[in-house]
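First to last, the protein sequences are chains A and L.
For the first sequence, this note's numbering assigns the number 1 to the initial residue and increments by one for each residue that follows.
For the second sequence, this note's numbering assigns the number 168 to the initial residue and increments by one for each residue that follows.
Even glycine gets a Cβ: it sits at the ideal position worked out from N, Cα and C.
All values derive from a computational prediction rather than experimental measurement.
Structure, as structure tokens:
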Amino acid sequence: MANEAEKNPGILLVGAGLLVLLGVLGTVWLPYFDSSVVTPTDTAKLRNYPTDSAEARGRHVYIREGCIWCHSQQVRPVRADSKLGPVTVPGDYYYDKPVITMTQRTGPDLMWVGSRYSADWQHEHLKNPQKIAGPASIMPKYNYLSEQDRNDLVAYLLSLKPAPQKK
Amino acid sequence: MAQSAVQGVPAQTPKGSTTVKIYFYTSIFYLLASMILGLIVALKAVNPEFLTSSRFWQEYFTYGRLRPTHTNTALIGWLTTVYFGVLYYGVPALCKRALWSEKLGIFTAVFWNIVYIGGALALLAGYQTGVEYAELPLIFDIGVVICVVLTFWNLFQTARYRQERVLYVSMWYWLGSLLNLAIVYIIGNIPAGWVGPGSIQMGYYYFYLHNIIGLWFTVVGVGTIYYLLPKLVQRPIYSHKLSLIGFWMIVAFYSWNGPHHLINGPIPVWLMKAGIIPSLLLLIPVWSVLANIIGTMKGVWYKVSQNLALKFLITGALFYGLACIQGPFQALMGPHAILHFTYWTVGHAHMPLFGGFSMVAFSAVYYMLPRLTYRHIYSRALMNWHYWLSVIGFLIFGFAMWTAGIIQGFEWMDGKQLGAGFLQVLESLHIFLISRAVGGSMMFLGQIAFAWNVWRSVKAGQIVSADDPILVSR
């Protein structure tokens, strides 16, 4: 039943490896040649925070405390997202390291949250979300953050807005 | 070794037993840990005040740190560890010889556990990379890759110097997926700074996110099904050709699936299409696997009710099939626009991983443990409890999440994406989040039955006697 090739683990491994690398080539490597992906937009330039600015540190806190697990940063060209603001394009994420579009919206999308709330609101909301947003909110309290961390985080959140030229 | 203690058992080649035992026992510990973490996550979604009594708990067990620890403990800690156990048992068994190097195997197993426990603690301390499913910091990633390479080398050498001439199809799935795990893991964990522009990174991340499931959990799981099924029903697999077609189709199509997580997202349209089309083509390998299982089972379905390990295996295959009907459907642009970002994803992600391949892994443990320890499984009743609590618990969990996801999707289309509207939707989901915690608790109780059963089997299970079929059918 089995032919000779089926008895050779080498053929199997080289074949399987090559087929997988073909997929890598198509979905991971080819995008390097698409100009929409590798051209930063004005929004991206706004988000190119200098190292050790408050925003850059805030972004670190944002990832460290796992805000990413409940808040997406991506507005799609679909009806559900029509109230969120301008649709995001590949170039908007040019300087993000790592990119944090994420996959859950347990809380609202934060792509343009900087144009929605004030610094005071953000501080109070982080300390006690249920008091500010309403008792139905299931966001954890971030009152354990140090003063410095919270300031940085709020600076980061406020910086999340579209570049002025856009729309 | 264990067999010398058993009267009348012929001294056969031991099948990498110590290595396999370390992997199996530690994987069960991670299984319980991931269940506890998942349950805390579920309860925190019901009541954000849960477990915030002191600053320590509040900070180190905040939702955002628990979630990656839960997913990693389930994926890397439980399922990967138990898969390694299956591989270290199955490959020597199919090669009719002992493991190439038992010492290397034991070293890999111990090193693997040190790496993972360190990684989990790092996640709780806040050192997450921010990339979904690849949250472990770089240093632990390197450790993981070293373990995968050592495992691959050990098993490949075992296969090279085998006594059996033919490579059974499970060997294809197992060895192929170990190589793919190395490729997928390395690509997915390249630090963001080295990759370049943000949207390019998404290609890397979603290649990893999809294929750690598609090219590792699925391929090893299917190989395990092909290994266990003929043994449990005592007849050969229905079609050897069909199983090979399935293998090549999976490696050919799965690796293209990353971009289907980004449909309607910030990537070029051609890339979306390059993800959607293979997602639909995936129906071919999945149905070839299912057709093969149904063909093998034809006329012996009654055995499902007699053999509990088979019951787990068939249920796992069924859930795998269902997950792979959901998958291509979600990858279409319309459904994706409604279901993406919702709780639907949570339900879908648990289906192949818990309902599908954890079930297959349970079956493998129940089948292999008596052959490793020369003791029968302690209690059939506990196996049944494990089965029903897991299945019913998962169904409650899954349907709660799927329904919640659909509600979220349609409410958002009515414009409830922000502020008060968003909170209103959240409030209406409360009951589903409670259902999730209830289903999750049942799943957890099932796993306690499992762990207790394994513990008792090893300590006090009935000893295998010389004329037991276990020794003949190894």
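I need the DSSP call for residue i, collapsed to helix, strand or coil.
i	result
Gln104(A)	strand
Ile430(L)	coil
Leu19(A)	helix
Arg232(L)	helix
Ile544(L)	coil
Phe420(L)	helix
Met1(A)	With a pLDDT of 45 at Met1(A), under the threshold of 50, the modelled position of that residue is not reliable, and the figure given next carries that caveat. DSSP places Met1(A) in coil when its eight states are reduced to three.
Phe508(L)	strand
Ile573(L)	helix
Ile630(L)	strand
Lys583(L)	coil
Asn280(L)	helix
Asn48(A)	coil
Val621(L)	helix
Tyr197(L)	helix
Gln330(L)	coil
Is there a C-beta anywhere in chain L that falls below 8 Å from the one on residue i?
i	result
Ile68(A)	yes
Ile11(A)	no
Thr51(A)	no
Pro149(A)	Per the sequence shown, residue 149(A) should be read as Asp rather than Pro. False, the Cβ-Cβ gap to chain L never drops below 8 Å.
Gly26(A)	yes
Gln104(A)	yes
Ala119(A)	no
Ile100(A)	yes
Ile132(A)	no
Pro140(A)	yes
Lys127(A)	no
Are the C-beta atoms of residue i and some chain A residue less than 8 Å apart?
i	result
His428(L)	yes
Arg332(L)	yes
Ile574(L)	no
Pro364(L)	yes
Leu210(L)	no
Thr229(L)	yes
Tyr371(L)	yes
Gly343(L)	yes
Ala618(L)	no
Gly425(L)	yes
Gly432(L)	yes
Ala504(L)	yes
Pro235(L)	yes
Leu448(L)	no
Starting from residue i, find everything on chain A with Cβ-Cβ shorter than 7 Å and list it in chain order.
i	result
Gln225(L)	Tyr144
Arg264(L)	Here the premise fails: no neighbours, minimum Cβ distance about 14 Å.
Arg222(L)	Tyr144
Ala441(L)	Gly26, Thr27
State buried or exposed for residue i, treating a residue as buried only when at least 16 other CB atoms are found within 10 Å of its CB.
i	result
Trp468(L)	exposed
Tyr142(A)	buried
Thr257(L)	Here residue 257(L) is Gly; the residue named in the question, Thr, does not match the sequence. Buried.
Asp81(A)	buried
Ser171(L)	Unreliable positioning characterises Ser171(L) in this predicted model, as indicated by a pLDDT of 42, which lies under 50. The coordinate reading is nonetheless provided below. Flag for Ser171(L) reads exposed.
Met500(L)	exposed
Lys583(L)	buried
Ile306(L)	exposed
If the cut is a Cβ gap below 7 Å, which residues of chain L does residue i touch?
i	result
Lys97(A)	Ala359, Gly360
Ala136(A)	Leu590, Leu593, Glu594
Ser72(A)	Phe508
Pro108(A)	Gln584, Leu585, Phe589
Under 9 Å between beta-carbons, which chain L residues line up against residue i? List them in chain order, please.
i	result
Thr41(A)	The premise fails here: Thr41(A) is roughly 10 Å from chain L at the closest Cβ pair, so nothing lies under 9 Å.
Gly17(A)	Gly343, Leu346, Asn347, Ile350, Val418
Starting from the beta carbon of residue i, find every residue of chain A whose beta carbon is closer than 9 Å, and list them in chain order.
i	result
Pro304(L)	Residues of chain A passing the Cβ test: none, with the nearest at roughly 12 Å.
Phe374(L)	Gly23, Val24, Thr27, Val28
Leu438(L)	Gly26, Thr27, Leu30, Pro31, Asp34, Val37
Determine the chain A residues that contact residue i at a beta-carbon separation under 8 Å, and present them in chain order.
i	result
Gln324(L)	Under the 8 Å cutoff, chain A gives no residues; its nearest Cβ is about 10 Å from Gln324(L).
Pro435(L)	Pro31, Asp34, Ser36, Val37, Pro90
In chain L, which residues lie less than 8 Å from residue i when you measure between Cβ atoms?
i	result
Asp81(A)	Trp579, Gln584
Leu84(A)	Gln584, Leu585
Quiz item: Counting pairs of beta carbons, one from the stretch 352-372 of chain L and one from the stretch 84-99 of chain A, are three or more of them closer than 8 Å?
Solution: Here the stretch 352-372 of chain L makes contact with the stretch 84-99 of chain A; the two share three or more CB pairs at distances below 8 Å.
Quiz item: With a cut-off of 8 Å, do at least 3 Cβ pairs link the stretch 383-396 of chain L to the stretch 414-424 of chain L?
Solution: yes
Quiz item: Does the pairing of the stretch 244-261 of chain L with the stretch 310-323 of chain L give three or more beta-carbon distances under 8 Å?
Solution: yes
Exercise. Examine the Cβ distances between the stretch 591-604 of chain L and the stretch 543-560 of chain L and report whether three or more of them are shorter than 8 Å.
Key: The answer is no - the stretch 543-560 of chain L does not touch the stretch 591-604 of chain L, with fewer than three Cβ pairs under 8 Å.
Practice problem: Answer yes if the stretch 485-497 of chain L comes into contact with the stretch 438-449 of chain L, meaning at least three C-beta pairs across the two stretches below 8 Å, and no otherwise. | Solution: yes
Quiz item: At a cut of 8 Å, does the stretch 60-79 of chain A reach the stretch 435-443 of chain L through at least three beta carbon pairs?
Solution: At 8 Å Cβ cutoff, the stretches do not touch.
Quiz item: Should the stretch 333-340 of chain L be regarded as contacting the stretch 392-406 of chain L, the criterion being three or more beta carbon pairs within less than 8 Å?
Solution: yes
Quiz item: How about the stretch 263-280 of chain L and the stretch 297-317 of chain L: do they share at least three Cβ pairs that are nearer than 8 Å?
Solution: With the cut-off at 8 Å, the stretch 263-280 of chain L and the stretch 297-317 of chain L touch.
Quiz prompt | At least three beta-carbon pairs within less than 8 Å, the stretch 461-477 of chain L to the stretch 402-410 of chain L | solution = By the Cβ test, the stretch 461-477 of chain L is in contact with the stretch 402-410 of chain L, since at least three Cβ pairs between them sit closer than 8 Å.
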